[in-house]
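Each residue of the sequence shown is one higher than the one before, counting from -3 in our numbering. Ideal placement from N, C-alpha and C gives every residue a C-beta, glycine not left out. Quick caveat, the model's predicted, so the values are computed rather than measured.
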Amino acid sequence: MHIEKHNVGIIMGLFITLVIGCAQQPSEKANSEPKKTIQTSAQKKKEADNDQQGIKTPTAKSEVKKSQKLTLLELGSVKCIPCKKMKPILDEIEEKYSEQVDVVFHDVWTEQGGKDAEKYNIRLIPTQVFLDKSGEEYFRHEGFYPLDEIIAKLKEGGLEE
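Structure (structure tokens):
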């Protein structure tokens, strides 16, 4: 009986560590002054790796812009398990609704993604931010978000099937 309680304690500790790791808030920068960005070879390799995985990562200069489309902005990390589970859903939305919806992914554990996390006041990841055609936020969700619920929310923003 004592051994079973010990095992349960270890499992609970690992579970809590996993949850905290994926839900941690991006750290705030002590100095908020803009800095000149120089891309290191490690950053270039990471972008190349992300490209191979099919993950859209905006460059330092890119931002979500006003368009004639809705925007589904996913703020997460390529290393976060719930974020990884969102990737096939985001890919399906991008494939099926590319004429009406821009799907954008920001890795908040990178320098640029951290700035985006601050801009959108992200508390945990993954967070999905829904922007209308004028670029205004009309909804956000934290955590894993099923495809059918995302489609329903996009329809509220004007998605046509």
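Ranges of the beta strand (DSSP E) found wholly within the segment 129 to 153, counting only runs of at least 3: 133 to 138
Among Val99, Ile85 and Val74, whose alpha-carbon lies nearest the alpha-carbon of Lys65? In the sequence shown, the residue the question calls residue 65 occupies position 69. Minimum Cα distance to Lys65 is reached at Val99.
Which same chain residues end up closer than 6 Å to Gln124 when comparing Cβ atoms and leaving out the 5 residues on each side of it in sequence? Working through the sequence shown from its first residue, we reach residue 124 at position 128. The answer, listed in chain order, is Glu70, His137 and Tyr141.
Helix, strand or coil: how does DSSP classify Gln108 here? As a working mapping, residue 108 is identified with position 112 in the sequence shown. The answer is helix: DSSP assigns Gln108 an H, G or I state.
Between the beta-carbon of Thr67 and the beta-carbon of Leu127, is there less than 7 Å? As a first step, residue 67 must be located in the sequence shown, where it is residue number 71. As a first step, residue 127 must be located in the sequence shown, where it is residue number 131. Closer than 7 Å, so yes.
Among Gly110, Ile147, Ala148 and Tyr134, which residue has its Cα nearest to the Cα of Ser73? Translated into positions along the sequence shown, residue 73 becomes position 77. Of the candidates Gly110, Ile147, Ala148 and Tyr134, Gly110 places its Cα closest to the Cα of Ser73.
Need the endpoints of the alpha helix (DSSP H) that Leu155 sits in, please. Within the sequence shown, numbered from 1, the residue matching residue 155 stands at position 159. That residue, Leu155, is in no alpha helix (DSSP H); it is neither H nor E in DSSP.
Quick one: measure Cβ to Cβ for Val104 and Ile89, integer angstroms, because I've assumed they're closer than 8 Å. By 1-based counting over the sequence shown, the position of residue 104 is 108. By 1-based counting over the sequence shown, the position of residue 89 is 93. That belief does not hold up - the Cβ atoms of Val104 and Ile89 are roughly 20 Å apart, past 8 Å.
Could you check whether Asp112 and His102 sit closer than 7 Å to each other, using their CB atoms as the reference points? Position 106 of the sequence shown, counted from the first residue, corresponds to residue 102. Position 116 of the sequence shown, counted from the first residue, corresponds to residue 112. It is a contact, given that the beta carbons lie within the stated cut-off.
Own chain residues within Cβ distance below 8 Å of Asn117, not counting five before or after: Working through the sequence shown from its first residue, we reach residue 117 at position 121. Hits under 8 Å: none found.
Grouping DSSP H, G and I as helix and E and B as strand, with all else coil, what is Lys57? Here residue 57 refers to the residue found at position 61 of the sequence shown. Here the model assigns Lys57 a pLDDT of 36, short of 50, so the residue's position is not dependable and the matter cannot be decided.
CA-to-CA distance, Thr106 to Lys115, given in whole angstroms: Within the sequence shown, residue 115 is the residue found at index 119, counting from 1. Within the sequence shown, residue 106 is the residue found at index 110, counting from 1. Taking the straight line from one Cα to the other gives about 14 Å.
Sequence ranges, beta strand (DSSP E) only - wholly within the segment 63 to 107, length at least 3: 66 to 72 and 97 to 103
Measure how close the beta-carbons of Gly139 and Pro84 come, nearest whole angstrom, since I'm counting them as under 8 Å. Looking up residue 139 in the sequence shown gives position 143. Looking up residue 84 in the sequence shown gives position 88. In fact, because the Cβ distance is near 16 Å, the residues do not count as touching under 8 Å.
Got a sec, what are the start and stop residues for the beta strand (DSSP E) Leu127 sits in? For the purposes of this step, residue 127 is identified with residue 131 of the sequence shown, where counting begins at 1. Here the beta strand (DSSP E) through Leu127 covers Thr123 to Leu127.
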